[in-house]
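Using our numbering, you'd call the opening residue of the sequence shown number 3 and step up by one each time.
Glycine is no exception: its CB is placed at the ideal position from the N, C-alpha and C atoms.
Read through the structure below, which is laid out as structure tokens, and then see the notes.
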Amino acid sequence: GGDPSCARDRSPRTSGHFGVVKRCRERSTGTFYAAKVVKTRRRRSRRLGLGLGLAPVEREVAILRQLDHPNIMRLHDLFSGRAEAVLILEL
Numbered sequence: 003g004g005d006p007s008c009a010r011d012r013s014p015r016t017s018g019h020f021g022v023v024k025r026c027r028e029r030s031t032g033t034f035y036a037a038k039v040v041k042t043r044r045r046r047s048r049r050l051g052l053g054l055g056l057a058p059v060e061r062e063v064a065i066l067r068q069l070d071h072p073n074i075m076r077l078h079d080l081f082s083g084r085a086e087a088v089l090i091l092e093l
């Protein structure tokens, strides 16, 4: 899944309990972003444990849309499918 206009690196930049963050580049502009991939399907995931469902992702998106601070990454775009959500964040 995801946006065909954003090419993601194969190696994760960082990972945590809730997801993996990878660097991606928007093909049309060459601009780099952080792609935060969060498993949402509620089934056992080998790397990330139990999926979270969409509620925590929706809460994070709502908070990010309200914030405007130079030290907080801004939400550029959001893609969601049945098994994962991808938050595209400005670097």
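State the beta-bridge partners of E86 as determined by DSSP.
Beta-bridge pairing links E86 to K41.
Helix, strand or coil at L91 [DSSP, three-state]
Under the three-state reduction of DSSP output, L91 falls in the strand class.
Can you give me the start and stop residues for the beta strand (DSSP E) that R25 sits inside?
Counting along the chain, the beta strand (DSSP E) containing R25 begins and ends at 22 to 28.
With distances taken from CA atoms, which of V40, I74, H71 is nearest L80?
The shortest C-alpha separation from L80 is found at V40.
The alpha helix (DSSP H) with I65 in it runs from where to where?
Counting along the chain, the unbroken alpha helix (DSSP H) around I65 starts and ends at 57 to 68.
Got a sec? Which residues, its chain only, sit under 7 Å from L77 by beta carbon, not counting five neighbours each side?
Contacts found: V63, L66, R67, L89, L91.
Report, in whole angstroms, the separation of the C-beta atoms of A36 and V59, which I expect to be a contact under 8 Å.
Contact between A36 and V59 is ruled out by a C-beta separation of about 15 Å, above the 8 Å threshold.
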